[in-house]
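Numbering (our numbering), first residue to last: 7 to 160.
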DNA sequence: GTTCTGACA
DNA sequence: TGTCAGAA
C-alpha cells in the first residue's frame, strides 16, 4: 500500500494533487469562483500540460484563508489583493535600489508582486508559485509576522 | 464525465 | 457569483 498518494510520488503540502472540482467541493465554493480568485491573483494553482489546474494542500490552506476573509471578515477580493501587495517582496528578495526603482511590483499598491511579468529582474528566474514571497503567506496571519520582521525602529 | 476559456445575466 | 456555449 502506498502511504502517500495514488501516483506514488513523495508528497508534501506543496505537491499539486487536487483538481479544481475536488477543491471546490472541499471549500464549498463554485469552480467558477476558484478561477476568479486565480484571475484576480489571489492564488496560483499548478497547471498541467493539459492546462488543467491542480491544487496542493498549501493552496487549499491559502484558499481557506481567503474564504474566511471574505465570508467572516467581510473582505473584498480587492482588499485582499491590496493586503498581499503590501508584502515587502523587495526586502524578502533583497532587491537593490536600482531593481526596486525599475520594478512594477515594488511600485504597485494594488496588485501582489506575483501578478506582474518580471521579465527583467531576479524574479524572472523563479516561478512565483514556488517563491517565499508567495508561499510564506498561505496563512493570511503570516503577513503580520512578515511586517514585524521587516520593520525597523525609527 | 471533467475542465478550459470566454461571454453574458 | 451563476450559467451557458463550444472544445479538448
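Glycine included, each C-beta is placed from N, C-alpha and C at the ideal position.
DSSP, read as helix, strand or coil, puts residue 53 in strand. The shortest CA-to-CA distance from residue 63 to any of 128, 49, 55, 56 is the one to 49. Residue burial is scored here from C-beta neighbours: residue 143 has at least 16 other C-beta atoms within 10 angstroms and is therefore classed as buried. Going by beta carbons, residue 95 and residue 119 fall inside the 7 Å limit. Following the DSSP letters along the chain, one finds residue 59 inside the beta strand (DSSP E) bounded by residues 59-61. Exposure of residue 130 is indicated by the presence of fewer than 16 other C-beta atoms within 10 angstroms of its C-beta. Annotation: the continuous alpha helix (DSSP H) that includes residue 37 extends over 37-45.
Taking the CA atoms as reference points, residue 88 sits about 29 Å from residue 23. Within a 10 Å sphere around the beta-carbon of residue 57 sit fewer than 16 other beta-carbons, which makes this residue exposed.
In the DSSP assignment, residue 25 is bridged to 60. Counting along the chain, the unbroken alpha helix (DSSP H) around residue 97 starts and ends at 95-98.
The region 39-55 and the region 132-142 touch, with no fewer than 3 CB-CB distances between them shorter than 8 Å. Sixteen is the threshold: when 16 or more other Cβ atoms of the shown chains lie within 10 Å of the Cβ of residue 152, as they do, the residue is buried. Secondary structure note for residue 123: it is in no alpha helix (DSSP H), with a DSSP letter that is neither H nor E.
Following the DSSP letters along the chain, one finds residue 147 in no alpha helix (DSSP H), marked with neither H nor E.
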